[in-house]
Structures are given as structure tokens and as C-alpha cells.
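Visitor: Note that the working numbering numbers the sequence shown so that position 112 is 677, with each residue one more than the last.
Built from N, CA and C at the ideal position, the CB exists for glycine as well.
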Amino acid sequence: HLKGIHTLNMIKCDQVTITDKAFENLKGIRTLYMSCCYQKTITDKAFENLNGIHTLNMSKCNQITDKAFENLNWIHTLTMSGCNQKTITDKAFEYLKGIYSLDMSYCDQVTITDKAFENLEGIHTLYMSYCYQKTITDDAFEYLKGIHTLDISFCKQKTITDKGFINLKGIHTLNMHRCNQKTITDKGFINLKGIHTLNMHRCKQKTITDKGFLTP
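1) Using beta-carbon positions only, say whether D727 and Q698 come within less than 7 Å of one another.
2) Evaluate D668 with the Cβ neighbour count: other Cβ atoms within 10 Å of its Cβ, from every protein chain shown; 16 or more gives buried, anything less gives exposed.
3) When the Cα of H766 is compared with those of S718, L757, Y692, which residue comes out closest?
4) Going by DSSP in three states, Y708 sits in which element: helix, strand or coil?
5) Which residues does DSSP pair with N740 in a beta bridge?
6) Consult DSSP for D679 and reduce its assignment to one of helix, strand or coil.
7) Using only the alpha-carbon positions, how far apart do K526 and K758 sit?
8) Measuring CA to CA, which of D704, S600, T606, F658 is closest to K723?
9) Compute the Euclidean distance between the alpha carbons of T714 and E683, then round it to the nearest angstrom.
10) Grab the span of the beta strand (DSSP E) containing D668 for me, first residue to last.
11) To the nearest angstrom, how far is the alpha carbon of R595 from that of N638?
12) Here's the rule I'm using: 16 or more other beta-carbon atoms within 10 Å means buried, otherwise exposed. How should G617 be labelled?
13) Rounded to the nearest angstrom, what separates K721 and I736 at their Cα positions?
14) For H689, which residues in the same chain have their Cβ closer than 8 Å to its Cβ, ignoring the five residues on either side in sequence?
15) Exposed or buried, F778, counting other C-beta atoms within 10 Å across all chains shown (16 or more means buried)?
16) Look at the alpha carbon of F730 and the alpha carbon of K710, and state the distance between them as a whole number of angstroms.
17) Would you call T644 buried or exposed, if buried means 16 or more other Cβ atoms sit within 10 Å of its Cβ?
18) Please work out which residues of its chain come closer than 8 Å, Cβ to Cβ, to E589, disregarding the five sequence neighbours upstream and downstream, and give them in chain order.
19) Whole angstroms are fine: how far does the CA of T620 sit from the CA of I640?
20) On a CA-only basis, which of M623, T584, M575 is nearest K605? Give me that one, please.
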């Protein structure tokens, strides 16, 4: 009965009576909110009907694998926070080239590495809060040149250092709340000239001093 629907909110509809078959009637949908739909009756197969979707929230759908992403080639905005299952790897990101906004907060699985970021060149907004796995290093930032908004809060791994900030020249908004690793120092801030909004709440490492606040 929902054929032709534009927007659907089915957050926390986690009953097993909703299966892949329901999605056959959602072809052509533009916006779908299905966070916490983690029932095993919804699988990668459901995503075969989401070709061309614009906005998708699939937070905590931790039964999904890389295969689901094959159908998200043209997606504009994707929220996959809490999808920390190891069945999502760098491979999934190959289908996200050209994405505008991605929320991958709490995706802290080691199956996501620097290689995933190769596919995010040109992205406008990236939320990667709590992605503190050591498989994400300064090299990931190399592909984020020109990014507008970046949230790396709680990314406190020592594999992120001042070197990563070299690629953030021109950034508008940066959230580095609790990035209190000593590998970030005054030197990193040199690359933030012209930044509009910076959140450095609880960055209390002594490697950040008055020098970090100097205007050029």
C-alpha cells in the first residue's frame, strides 16, 4: 500500500514480522529512517530496493554487511552510527564515492582503515566521533582536503597527530572534543587558520599551549 511513498520513518520498528519483502514496495523512496531496525529478517537483500535513495538513516542496523552498500551508489546523506559490526569493511566505502554527508560515529571496528577514506574525497560533512581504532591514522586525513565540517570527537588514538591537521587547511567547523592525545600539539593548530568554529572541550594535554592560539 506504500508504493510511491517519498519519506518513511520506521525507527525502532524492530519486529520480526517486517522482512526484506516489505522493501519491495519502497522502490523509488527518497528518505528512509530505519535506525534500530536490527531484526534478522531485514538483510542486505532489502537494500536492493533502495537504489537511488537520497537520505538513509540505518544507525545500529548491525546485521548489515558490505553487500548492502552496493545499492547506495547515488546516496547523498547516510547515517550509519553504531554500525560497528566487522561485516562492514573498507569495501563498503567504495560505493560511497561522491557522498555529501556521512555519519559513521561509533563505527570503531578495525575492519575500517585509512583505505576507506580514499573514497570520501570531496565530502562536505563527516561525523566520525568515537572512531578511535588504531587502523585510522593521519593518512586518512589526506583524503579530507577541502572538507567543510569534521567531527573527530573522542578519536583519541595516538595514530592521529599534528600531521593529520595539515590536510585540514580551510576547514570551517572542527569538533575535536576529548582528542586529548599528546600527539596533537600547538603545531597542529597552525593549519587551522581561518577556521570558523572549533570545539576543543577537554583537550587538556599540555602539548597545547598559548602558542596554539596565536594569530598568524
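Guide: Quick look at the numbers:
1) Cβ distance not < 7 Å, so D727 and Q698 don't count as in contact.
2) buried
3) For H766, the closest of S718, L757, Y692 by C-alpha to C-alpha distance is S718.
4) helix
5) D716, N764
6) helix
7) The structure shown does not extend to residue 526, since the chain spans only 566 to 781, so no value can be given for it.
8) D704
9) 17 Å
10) 666 to 668
11) 14 Å
12) When all chains shown are included, G617 counts as exposed.
13) 20 Å
14) Y665, S666, I712, H713, T714
15) exposed
16) 10 Å
17) buried
18) N614
19) 7 Å
20) The shortest Cα separation from K605 among M623, T584, M575 belongs to T584.
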